[in-house]
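Sequential numbering of the sequence shown, starting at 0, is according to numbering that gives the first Met the number 0.
For every residue, glycine included, the Cβ atom is placed at its ideal position computed from N, Cα and C.
Before any comments, here is the structure.
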Amino acid sequence: MANLLQALLTNDILFLGIGGGMLLILGLAVGYMFGQRKRKGKVRHKTEERTTDNWMDLRWKKIYQLSTDLSNTLNYEKLLDTALDLSSAALSNENGTSSNLVSAVLLFDQDELVVQTSRRFTNADLRNTFQGTKGLLGEAINKGESTRSQEILQDPEIARVVAIRACKSAYCIPLRSGLDVYGVLLFAHPDKDFFSQDNCEVLEIMAVQAMNAIQNARLYQDLAQEKERLAETQEETRRKLARDLHDGPTQSIAAIAMRINFARRLIERNPKEASEELFKIEDLARKTTKEIRHMLFTLRPLVLESKGLRAALEAMAEKMQETYGQAVAIDVDDNIVAQLDMGKQGVIFNIADEAVNNARKHAQAAHIWVRLKASQKGLALLEVRDDGIGFDVEKIKSSYENRGSLGMVNLKERSELLNGVLQLQSKPGVGTRVQVYIPMTEEAVERLLHRS
């Protein structure tokens, strides 16, 4: 019995030892398997992280490249296309394929938003115009902030866009600079949760870059137009000088030559009458000299550079009296002149000189008044008024291009050089009043632009 018990105990112990060993081995195996799985999971996680990192690197490389393209172009249409391509690239998925993003640039044309360029819009969508006062567009423009919406089909404006009807979310970013809103960037996507905080932040960055590029392009266009306008103004100045020389001094010099020839033949027959003719020729020559000097003065009034606007206007008035017998009164607020740089003073002088000469030639005025004074807040007023015969303003405006005269066109263009607004008032029999409102501050410029 004892031997049997001992044998059983020995066998049990052996069994337990074997079982314990097996359990230990099993435990080690399971642990190893879990360890391997965990390590494989970590490797897979790291691989996924590397894949994500590679995708993010590729994403930002695309953004950087497109941003460079955006900053390097001044072509307006190419710039807007690049802005949409930039947004699409920034939000593409990890495989780099399209994100099914619907996008468009809507810019104001007068009081309506029109489609400048788009992605995935139908031909019918491209013809749509928007008031920008309701729904997603209205909220973004009125608040001046980016706005999201998941109620596209209920939107009173963008629901008309066929390409957007299949989308479940939309995002609108206003393109603004200061108080001015140029338009909006509009995005839509079939995924209702597509416009996450991260994606929206990326689009905001793109919008800022696009707005800066748009402003640069517009400034470049404005500069190009300004250069073209200055060239046209210079060409018109040359044409005006040629006309004035032809109508004035050239005719006078031709008359002098003819009368000298007449006086030379008259000397032998009637010396006394010839002497009187020579006196008349001398008067005509002196008058012609004054006309030429007046033209030289208006081309480049040196007194303007040395003594300023008041002295230049007073010198112009004196020469008008001496040369043509035309009375011109000058009234200038020196406080206004002190706020004007020399370039603006030169433009104001040219406007006044042009208006005074128009009045002298056409108005049959006994008196002409030139005034420069303070007007409303931040504005100065240049006014040239006469007591001449006047004219029908609308009739003159309607026939100006056909008549080929650019007098009023010159006044308008020179007023625009000051960011000013030209107003013309006249009626037959009551004289004429030419007014130019000149902004003296940036706020005044904004007010005049909105008013005009």
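For residue i, the first and last residue of its enclosing beta strand (DSSP E)
{"i": "Ser425", "result": "420-425"}
{"i": "Leu172", "result": "What sits at residue 172 in the sequence shown is Ile, not Leu. Looking at the DSSP string, the run of the beta strand (DSSP E) that includes Ile172 is 168-176."}
{"i": "Thr146", "result": "146-148"}
{"i": "Ala187", "result": "179-188"}
{"i": "Ala328", "result": "326-331"}
{"i": "Arg384", "result": "378-385"}
CA nearest to the CA of residue i, picked from the options
{"i": "Asp332", "options": "Gly324, Arg228, Lys77, Glu382", "result": "Glu382"}
{"i": "Gly430", "options": "Leu240, Trp368, Arg258", "result": "Trp368"}
{"i": "Asp386", "options": "Arg359, Lys394, Lys372", "result": "Arg359"}
{"i": "Gln109", "options": "Ala158, Ala311, Thr128, Ser102", "result": "Thr128"}
{"i": "Arg119", "options": "Lys133, Leu100, Glu313", "result": "Leu100"}
{"i": "Val160", "options": "Lys376, Leu244, Thr121", "result": "Thr121"}
{"i": "Pro248", "options": "Leu184, His293, Arg228", "result": "His293"}
{"i": "Arg309", "options": "Lys286, Gly345, Glu290, Asp391", "result": "Gly345"}
{"i": "Ala254", "options": "Leu277, Arg242, Ala230", "result": "Leu277"}
{"i": "Lys239", "options": "Lys372, Asn357, Glu441", "result": "Asn357"}
{"i": "His245", "options": "Ser102, Leu380, Ile291", "result": "Ile291"}
{"i": "Phe348", "options": "Ala326, Ala256, Asp243, Lys306", "result": "Lys306"}
{"i": "Ser102", "options": "Asp179, Leu185, Gln130", "result": "Leu185"}
{"i": "Thr132", "options": "Asn141, Leu125, Glu445", "result": "Asn141"}
{"i": "Arg384", "options": "Gln424, Asn198, Lys394", "result": "Gln424"}
{"i": "Ala212", "options": "Lys376, Thr146, Gln375, Lys77", "result": "Lys77"}
{"i": "Arg164", "options": "Ala365, Ala284, Asp190, Ala223", "result": "Asp190"}
Where residue i falls: helix, strand or coil (DSSP)
{"i": "Leu438", "result": "Looking at the sequence provided, one finds Pro at residue 438 rather than Leu. Pro438: strand per DSSP, three-state reduction."}
{"i": "Ser102", "result": "strand"}
{"i": "Leu112", "result": "strand"}
{"i": "Leu416", "result": "helix"}
{"i": "Leu27", "result": "The pLDDT assigned to Leu27 is 34, lower than 50, so where the model puts this residue is not dependable; a value taken from the coordinates is nonetheless given after this. It is helical."}
{"i": "Lys133", "result": "coil"}
{"i": "Gly342", "result": "helix"}
{"i": "Leu202", "result": "helix"}
{"i": "Ile367", "result": "strand"}
{"i": "Glu304", "result": "helix"}
{"i": "Arg119", "result": "coil"}
{"i": "Leu283", "result": "helix"}
{"i": "Val433", "result": "strand"}
{"i": "Arg126", "result": "coil"}
{"i": "Phe348", "result": "helix"}
{"i": "Asp197", "result": "helix"}
{"i": "Leu3", "result": "With a pLDDT of 33 at Leu3, under the threshold of 50, the predicted position of this residue should be treated as unreliable, though the coordinate-derived value follows. In the structure shown, Leu3 sits in a helix (DSSP, three-state: H, G or I)."}
{"i": "Lys191", "result": "coil"}
{"i": "Thr107", "result": "Looking at the sequence shown, residue 107 is not Thr but Phe. The answer is strand: DSSP assigns Phe107 an E or B state."}
{"i": "Arg446", "result": "helix"}
{"i": "Lys37", "result": "At Lys37, the pLDDT of 44 sits below 50, so the modelled position is not reliable; the number obtained from the coordinates is stated separately. The answer is helix: DSSP assigns Lys37 an H, G or I state."}
CB-CB length for residue i against residue j, believed under 8 Å
{"i": "Leu105", "j": "Gly182", "result": "5 Å"}
{"i": "Leu202", "j": "Tyr170", "result": "7 Å"}
{"i": "Ala187", "j": "Tyr75", "result": "Actually they are not in contact, since the Cβ atoms of Ala187 and Tyr75 sit about 24 Å apart, beyond 8 Å."}
{"i": "Ala538", "j": "Leu339", "result": "The structure shown does not extend to residue 538, since the chain is modelled only from 0 through 451, so no value can be given for it."}
{"i": "Pro173", "j": "Gly137", "result": "About 11 Å; that fails the 8 Å criterion."}
{"i": "Gly389", "j": "Pro427", "result": "5 Å"}
{"i": "Glu412", "j": "Thr236", "result": "Glu412 to Thr236, Cβ: 11 Å. No contact."}
{"i": "Val433", "j": "Leu410", "result": "7 Å"}
{"i": "Lys329", "j": "Glu313", "result": "Going by the sequence as given, residue 329 is Ile instead of Lys. Contact holds; Cβ gap of about 5 Å."}
{"i": "Glu156", "j": "Gly134", "result": "5 Å"}
{"i": "Ala316", "j": "Val327", "result": "4 Å"}
Contact test: residue i Cβ vs the ligand MN heavy atom, cutoff 6 Å
{"i": "Gln375", "result": "In terms of ligand content, the structure shown is empty, and the ligand MN therefore cannot be addressed."}
Limits of the unbroken alpha helix (DSSP H) element including residue i
{"i": "Leu79", "result": "75-89"}
{"i": "Glu267", "result": "248-268"}
{"i": "Arg164", "result": "161-164"}
_For the structure I just gave you, are there three or more beta carbon pairs, one from the stretch 151-159 and one from the stretch 78-86, closer than 8 Å?_
Counting Cβ pairs under 8 Å, fewer than three are found: no touch.
*asked:* Whether or not the stretch 334-353 and the stretch 294-304 are in contact is what I'm after, with contact meaning three or more pairs of Cβ atoms, one per stretch, closer than 8 Å; do they touch?
replied: yes
*asked:* Below 8 Å, how does it come out for the stretch 272-289 and the stretch 257-264: are there three or more Cβ pairs, yes or no?
replied: yes
*For the stretch 189-208 and the stretch 158-173, state whether three or more C-beta atom pairs, one from each stretch, are separated by less than 8 Å.*
yes
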